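Asker: Residue numbers (my numbering): 1 to 451.
We put the CB at the ideal spot given by N, CA and C, even for glycine.
Given the structure is predicted, the values throughout are model-derived calculations rather than measurements.
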Amino acid sequence: METSYIIKIDNVNHYYGRGSLRKQTLFDINLTVKSGEIIILAGPSGSGKTTLLTLIAGLRSIQQGSIKILGTEIFKASNQKLLQLRRQLGYIFQDHNLVPFLNAVQNVETSLSLNKELSKKEIRRKAEMILEEVGLEQHMYRNPNQLSGGQKQRVAIARALVTEPKIVLADEPTASLDKNSGRDVVDIIQRLAKQRGCTVVLVTHDNRILNIADRIISLEDGRLSVSKGELLLDISNFMSAVNDIESNQINSMIANLNSQEFADFLNKLNREFKQLLQTLNLFKDHSFNNKIDKIIKVISVKIAQVIKAEQVTFFIVDSERQELWSKNAIGLNRELISIRIPFNTGIAGYVASTGRSVNIPDPYNDPRFNRKIDLETGFKTKNILCLPIFNSQQEVFAVAQILNKAGDIPFDSEDEQKIFLLTKSLGVILETSILYIQQISLWREEEFFES
Ligand code: ADP
Ligand code: MG
Numbered sequence: 001m002e003t004s005y006i007i008k009i010d011n012v013n014h015y016y017g018r019g020s021l022r023k024q025t026l027f028d029i030n031l032t033v034k035s036g037e038i039i040i041l042a043g044p045s046g047s048g049k050t051t052l053l054t055l056i057a058g059l060r061s062i063q064q065g066s067i068k069i070l071g072t073e074i075f076k077a078s079n080q081k082l083l084q085l086r087r088q089l090g091y092i093f094q095d096h097n098l099v100p101f102l103n104a105v106q107n108v109e110t111s112l113s114l115n116k117e118l119s120k121k122e123i124r125r126k127a128e129m130i131l132e133e134v135g136l137e138q139h140m141y142r143n144p145n146q147l148s149g150g151q152k153q154r155v156a157i158a159r160a161l162v163t164e165p166k167i168v169l170a171d172e173p174t175a176s177l178d179k180n181s182g183r184d185v186v187d188i189i190q191r192l193a194k195q196r197g198c199t200v201v202l203v204t205h206d207n208r209i210l211n212i213a214d215r216i217i218s219l220e221d222g223r224l225s226v227s228k229g230e231l232l233l234d235i236s237n238f239m240s241a242v243n244d245i246e247s248n249q250i251n252s253m254i255a256n257l258n259s260q261e262f263a264d265f266l267n268k269l270n271r272e273f274k275q276l277l278q279t280l281n282l283f284k285d286h287s288f289n290n291k292i293d294k295i296i297k298v299i300s301v302k303i304a305q306v307i308k309a310e311q312v313t314f315f316i317v318d319s320e321r322q323e324l325w326s327k328n329a330i331g332l333n334r335e336l337i338s339i340r341i342p343f344n345t346g347i348a349g350y351v352a353s354t355g356r357s358v359n360i361p362d363p364y365n366d367p368r369f370n371r372k373i374d375l376e377t378g379f380k381t382k383n384i385l386c387l388p389i390f391n392s393q394q395e396v397f398a399v400a401q402i403l404n405k406a407g408d409i410p411f412d413s414e415d416e417q418k419i420f421l422l423t424k425s426l427g428v429i430l431e432t433s434i435l436y437i438q439q440i441s442l443w444r445e446e447e448f449f450e451s
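Okay, structure coming up:
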């Protein structure tokens with residue numbers, strides 16, 4: 001083999017249609033995949049993921065460019081060569097594609113039926129063994145219509161892997177599954193692939209499974225953005241840790257960052273957040289608002305640690321209602337509570353309406369200070385640093401409130417500078433949270449009009 005790359009794609013363009021209807025779907029795709037890697041190919045629907053995957057699989061002919069699989073060029077390859085190639089690949093479809101009148105074992109056997117070296121008995125044994133490995137020992141002799149979606153997809157995995165292919169290509173294998181069976185299915189793919197040293201290219205826009213990837217690349221309007229992959233992986237790990245916030249994993253992820261590293265992380269998170277949203281269709285994920293709240297919570301705890309403050313709270317400006325919403329205030333029992341305060345009361349209200357930051361060493365002697373919140377939360381405010389956060393139109397859309405510097409000393413200008421830089425990086429995340437709230441109310445209205 002000429003290189004250590006198992007898949008090498010160079011300058012691939014692809015078009016559908018003819019004449020005036022001809023439309024370019026893939027633009028100058030370049031990608032190399034190393035042996036044993038698990039690659040996730042993400043991207044919105046219609047971005048060309050299936051087209052690219054079927055080109056790699058030799059299921060569609062290459063029009064322009066070069067794809068080498070295991071060192072063999074498949075552009076203009078003979079049918080004979082393509083057939084040989086396909087035997088070294090396992091393909092998993094979105095909808096399992098099982099033969100309805102064959103049971104699970106027989107479906108798996110169809111992959112081996114071309115193999116002249118194996119006896120019927122050996123074929124049966126291999127099929128049964130791999131079905132056991134995917135956890136279907138109880139269901140081997142059932143037909144697809146007697147299996148759940150997740151079980152059918154596991155049969156499809158067994159069928160793709162029973163030939164011990166070097167490469168497994170999977171096109172949205174979890175798309176029609178619920179959360180838990182989707183997770184099981186990718187865990188099985190990952191486990192079997194790692195055991196066998198298989199290379200996997202998995203298409204998905206399911207953000208819950210990104211953390212199985214060694215590398216994530218994303219397609220957008222037919223173009224690859226490989227450079228973002230590593231970052232997306234960082235952030236998707238962060239996001240999946242957010243899902244499981246009680247598990248301390250997230251705290252340990254950022255606890256050990258020093259303040260510069262944390263600032264860099266926030267910057268990256270912020271920069272990539274929008275893209276992550278688009279790529280992964282997070283807006284369709286109804287628990288997403290909840291996740292943003294958790295992200296904001298985790299980040300505020302870390303900011304508090306960096307600044308040596310007791311508490312960091314973010315307020316979002318709801319200009320329509322002339323209110324501030326807290327995203328992460330903490331109640332009497334350390335639970336997250338939602339506080340809404342009118343625009344023109346309290347320190348945060350002052351900052352929101354004037355766009356000025358304030359540093360108050362003795363709030364109980366400041367007429368702007370609203371004692372009511374301390375009364376409600378049981379918190380004793382000793383000193384306050386409060387800063388506006390501006391959006392791209394230079395409007396205040398959020399306020400950061402930092403309370404009680406350690407050692408009962410007032411905040412200084414260095415704290416102010418640090419907070420300014422850190423919260424600036426939170427802009428997109430906070431804005432997203434507002435967008436999300438607006439989006440939700442739009443959906444509600446749509447539902448209202450539909451009903
Ligand atoms: P994805 O898998 O990311 O959803 P596809 O690769 O299926 O995207 O499709 C990419 C684009 O090519 C879409 O605009 C789609 O409508 C178009 N397309 C896909 N298959 C065909 C086809 N057989 N004929 C014409 N256009 C197609
Ligand atoms: Mg597709």
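1) Around the ligand ADP, which residues pass a check of Cβ closer than 5 Å to any of its heavy atoms?
2) With a cut-off of 8 Å, does the C-beta of Gly36 fall near any C-beta of chain E?
3) What first and last residue would you give for the alpha helix (DSSP H) that runs through Leu31?
4) At a cut-off of 7 Å, is Glu431 close to the ligand MG when judged by its beta-carbon and the heavy atoms of the ligand?
5) In angstroms, rounded to a whole number, what distance separates the CA positions of Leu89 and Ala175?
6) Answer with buried or exposed for Phe315, where buried requires no fewer than 16 other C-beta atoms within 10 angstroms of its C-beta.
7) Please list the terminal residues of the continuous alpha helix (DSSP H) segment that includes Ser413.
8) Assuming Ile6 and Lys166 are in contact, meaning their beta carbons sit under 8 Å apart, how far apart are those beta carbons, in whole angstroms?
9) With a threshold of 7 Å on Cβ separation, who are the neighbours of Asp221 within its own chain once the five nearest residues in sequence on each side are excluded?
10) As a quick exercise: from Ile39, Ile429, Ala352 and Thr110, pick the residue whose alpha carbon is nearest that of Glu395.
11) Would you say Glu220 touches the ligand MG, meaning its beta carbon is less than 7 Å from a heavy atom?
12) Determine the closest residue to Pro44 out of Leu114, Arg223 and Asn391, with distance taken between C-alpha atoms.
13) Can you name, in chain order, every residue of its own chain whose Cβ lies under 6 Å from the Cβ of Lys228, other than the five neighbours on each side?
14) Using a Cβ-Cβ cut-off of 6 Å (strictly less than) and excluding sequence neighbours within five positions of Asn267, which residues of its own chain qualify?
15) Quick one: give me the first and last residue of the beta strand (DSSP E) that Val162 is part of.
16) In the DSSP assignment, find the unbroken beta strand (DSSP E) run with Lys117 in it and report its ends.
17) Taking the C-alpha atoms as reference points, what is the distance between Leu131 and Gln106?
18) Under the three-state reduction of DSSP, which class applies to Tyr364: helix, strand or coil?
19) Do you know how far the Cα of Gly149 is from the Cα of Ser181?
20) Buried or exposed: where does Glu450 fall if 16 or more other Cβ atoms within 10 Å of its Cβ makes it buried?
21) Assign Gln401 to one of two classes, buried (16 or more other C-beta atoms within 10 Å of its C-beta) or exposed (fewer than that).
22) Relative to the ligand MG, is the shortest distance from any of its heavy atoms to the C-beta of Asp374 smaller than 7 Å?
23) So for Glu395, helix, strand or coil by DSSP?
24) Output the distance between the C-alpha atoms of Glu172 and Pro144, rounded to the nearest integer angstrom.
25) So for Pro342, helix, strand or coil by DSSP?
26) Any chance the CB of Glu172 is under 7 Å from a heavy atom of the ligand MG?
27) Quick check on Ser227: does DSSP put it in helix, strand or coil?
28) Alpha carbons only, please: which of Asp10, Thr423, Gly349 and Leu387 is nearest the one belonging to Thr373?
29) Leaving out five residues on either side along the sequence, give the residues of the same chain with a beta carbon under 6 Å from the beta carbon of Gly197.
Answerer: So, from the listed chains and residues:
1) Tyr16, Thr25, Ser45, Gly46, Ser47, Gly48, Lys49, Thr50 and Thr51
2) Protein chains in the displayed structure number just one, and chain E is not present.
3) Unbroken run through Leu31 is the beta strand (DSSP E), Lys23 to Lys34; no alpha helix (DSSP H).
4) no
5) 21 Å
6) buried
7) Ser413 to Lys424
8) 7 Å
9) Ser47
10) Ala352
11) no
12) Arg223
13) A caution first: Lys228 carries a pLDDT of 44, below 50, which makes its placement in the model unreliable, though a value can still be read off. None.
14) Ser425
15) No beta strand (DSSP E) holds Val162; DSSP gives it neither H nor E.
16) In the sequence on display, residue 117 carries Glu and not Lys. Careful: Glu117 lies outside any beta strand (DSSP E) and carries neither H nor E.
17) 11 Å
18) helix
19) 8 Å
20) At Glu450, the pLDDT of 45 sits below 50, so the modelled position is not reliable; the number obtained from the coordinates is stated separately. Flag for Glu450 reads exposed.
21) buried
22) no
23) coil
24) 19 Å
25) strand
26) yes
27) In this prediction, Ser227 has a pLDDT of 43, which is less than 50 and means its spatial position is unreliable; nothing more can be read from the coordinates.
28) The sequence shown places Ile at residue 373, not Thr. It is Gly349.
29) Gly36
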